[in-house]
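What the sequence shown shows, in mature numbering (1 follows the signal peptide of the UniProt record, and there is no 0), is residues -20 to -1, 1 to 84, in sequence order. Ideal Cβ positions, reconstructed from N, Cα and C, are used throughout, including at glycine. Every value quoted in this text rests on a predicted model; they were computed, and no experiment measured them. First comes the structure, then the notes that go with it.
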Amino acid sequence: MTMYKAIAALLVTAALAGCAQTEGQQRATTGALVGGAGGALVGQALGRDTKSTVIGAASGALLGAVVGSATTPQRRGEQLCRYQDRYGRIYTAPCDDRYYRGNY
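As structure tokens, then:
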């Protein structure tokens, strides 16, 4: 019965992975799936019981989600910078090349 619950949880997670909106969310979900599967295998190999498998799956999913989210590349133009015009007005606009080269 536990195996059926694990398979059902995996299928629900995989179905929700398709609902992710941004690239960061998709990468985090994929990382959680891969990490959870790998963690479950390692937990089962080390502990040889259900508790170890569940702990390994949860740990792997958490680590996979964090790594997937952290490795999402930032696209140029997504960062907003604050500028001041010659009349003293402050406005927000996409950052120019000086920001990306560190010359701001």
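Mapping DSSP to helix, strand and coil, what is residue i?
i           : result
Q64         : strand
residue 100 : What the structure shows of the chain is the stretch from -20 to 84, and residue 100 is not part of that stretch, so it cannot be assessed.
T10         : helix
T30         : helix
Between the C-alpha atoms of residue i and residue j, what's the straight-line distance to the nearest angstrom?
i   : j   : result
Q1  : R69 : 35 Å
V47 : P53 : 12 Å
G15 : S39 : 8 Å
Y63 : R7  : 33 Å
A45 : G27 : 23 Å
L43 : K31 : 18 Å
V22 : L13 : 14 Å
D65 : Q5  : 36 Å
R78 : T33 : 50 Å
Y71 : R81 : 21 Å
C75 : Y67 : 20 Å
Buried or exposed: where does residue i fall if 16 or more other Cβ atoms within 10 Å of its Cβ makes it buried?
i   : result
A73 : exposed
A25 : exposed
A50 : exposed
L60 : exposed
Contact check, residue i vs residue j under 8 Å by CB: the rounded distance?
i   : j   : result
A37 : G19 : 5 Å
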